[in-house]
Amino acid sequence: MADPIKLQGIQPAVDPDQIGISYSGGGPLVLIELGIAQAFVEKGIRPAVITGASAGALAATAHALDPVDGTGIDLAADLLGRVTNDLLDLTPFHFIGRVILEREHTTSVGDNAPIGPLIKRGLRRFLDLDDVTIGLFKPPAYPELMIVATDVINQGAVWFPDDTLIEEALIASSAIPGVFPWRHVTINGQEMTLVDGGVVANQPLSNLVERGCGTLYACAVGPVGPSPEPENGFDNAMRAVNLMMRQSTKLEEDYVRLKLGSTGQVHHIHPIVEVPADKFDFTPELVRAVMDEARRKTLEWWSQPHDD
Numbered sequence: 001m002a003d004p005i006k007l008q009g010i011q012p013a014v015d016p017d018q019i020g021i022s023y024s025g026g027g028p029l030v031l032i033e034l035g036i037a038q039a040f041v042e043k044g045i046r047p048a049v050i051t052g053a054s055a056g057a058l059a060a061t062a063h064a065l066d067p068v069d070g071t072g073i074d075l076a077a078d079l080l081g082r083v084t085n086d087l088l089d090l091t092p093f094h095f096i097g098r099v100i101l102e103r104e105h106t107t108s109v110g111d112n113a114p115i116g117p118l119i120k121r122g123l124r125r126f127l128d129l130d131d132v133t134i135g136l137f138k139p140p141a142y143p144e145l146m147i148v149a150t151d152v153i154n155q156g157a158v159w160f161p162d163d164t165l166i167e168e169a170l171i172a173s174s175a176i177p178g179v180f181p182w183r184h185v186t187i188n189g190q191e192m193t194l195v196d197g198g199v200v201a202n203q204p205l206s207n208l209v210e211r212g213c214g215t216l217y218a219c220a221v222g223p224v225g226p227s228p229e230p231e232n233g234f235d236n237a238m239r240a241v242n243l244m245m246r247q248s249t250k251l252e253e254d255y256v257r258l259k260l261g262s263t264g265q266v267h268h269i270h271p272i273v274e275v276p277a278d279k280f281d282f283t284p285e286l287v288r289a290v291m292d293e294a295r296r297k298t299l300e301w302w303s304q305p306h307d308d
């Protein structure tokens with residue numbers, strides 16, 4: 001946890017009127033985060049900075065594309081309605097074929113690379129945007145967008161620079177270890193081996209403070225109570241990864257609260273919506289139903305007294 005937390009020894013200078021939003025990792029639970037993003041749009045909350053890790057990077061990008069009318073969120077919903085375990089090579093048939101071909105060098109259960117062309121085509125068709133990079137997301141037209149991945153060689157967080165294609169950043173940031181393969185990405189002339197950003201910064205909040213945001217929203221997903229026994233090895237691996245990420249999330253969130261003191265505030269948004277956390281078999285109906293429930297529960301959270 002020492003690497004992504006960079007506030008040691010300083011009292012951050014923040015503006016309470018400057019809003020930062022952080023979306024955590026969560027695999028298929030990205031549908032819930034898109035519903036949270038819809039609630040922000042409906043409330044008319046305009047963030048200055050949005051950060052995201054893993055699945056949360058997709059929600060962060062969708063939100064940052066249009067925080068006023070939510071067209072980016074609609075685009076993400078449309079794209080995810082076409083995603084299935086088959087598309088991501090997560091069926092037993094695909095896995096057996098991968099093991100036969102790669103044997104002891106098998107890198108993962110599935111492959112999230114097919115998401116890239118979907119994103120690229122969707123941006124062109126829905127928003128008339130080509131070759132979108134991180135650098136597009138700059139004020140005043142857009143909130144600043146920050147996406148994180150994990151450098152498994154140097155064992156630290158990597159924040160994608162302006163010239164990184166958005167689909168490349170999203171695929172690397174969501175490369176869940178064991179589920180999707182690691183990615184080789186060239187950053188500032190150096191080739192890096194990257195995996196899921198949630199490994200080291202599952203709830204990126206420190207960067208929001210460093211950018212001067214004094215009102216922070218930590219948008220988290222995942223169960224909060226006891227879970228049933230895992231059904232299979234894949235389910236077990238997913239749960240273990242999600243549990244590690246949640247513990248990392250709690251540590252960073254509490255640490256940022258401590259450092260902010262009375263100069264800022266962290267709001268924790270965590271609507272509970274039932275989504276199979278080990279399956280990417282989405283349909284347009286499932287996507288919209290989950291998003292709508294998450295949106296409604298997030299708006300209810302705003303309307304009631306709560307402890308953050």
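Residue numbers for the sequence shown follow the working numbering, beginning at 1 and rising by one.
Even glycine gets a Cβ: it sits at the ideal position worked out from N, Cα and C.
Quick caveat: nothing in here was measured; it's all calculated off a predicted structure.
For residue 247, the three-state secondary structure derived from DSSP is helix. For residue 147, same chain residues with a beta-carbon under 6 Å away, outside a window of 5 residues either side, are 52, 57, 160, 169, 173 in chain order.
Contact check for residue 21 against residue 298 fails: the beta carbons are separated by 9 Å or more. In terms of Cα proximity to residue 189, the closest of 290, 137, 164 is 164. The beta carbon of residue 43 lies closer than 7 Å to those of 302 in the same chain, with the five residues before and after it left out. Taking each of 206, 285, 179, 288 in turn and checking the Cα distance to residue 23, the smallest one comes out for 206.
For the set 213, 156, 253, the Cα lying nearest the Cα of residue 143 is the one of 213. The three-state reading of DSSP puts residue 18 in strand, counting E and B together.
Residue 264 and residue 152 have their C-alpha atoms spaced approximately 33 Å apart. Within its own chain, the residues whose Cβ lies closer than 8 Å to the Cβ of residue 215, once the five positions on either side in sequence are excluded, are 16, 17, 18, 19, 20, 264, 265, 267, listed in chain order. Note that the C-beta distance between residue 66 and residue 127 is below 9 Å. By the Cβ rule, the stretch 285-295 does not count as touching the stretch 227-236, because fewer than three pairs are nearer than 8 Å.
Apart from the 5 residues on each side of it in sequence, residue 123 sits with its Cβ closer than 6 Å to the Cβ of 129, 132 in its chain, given in chain order.
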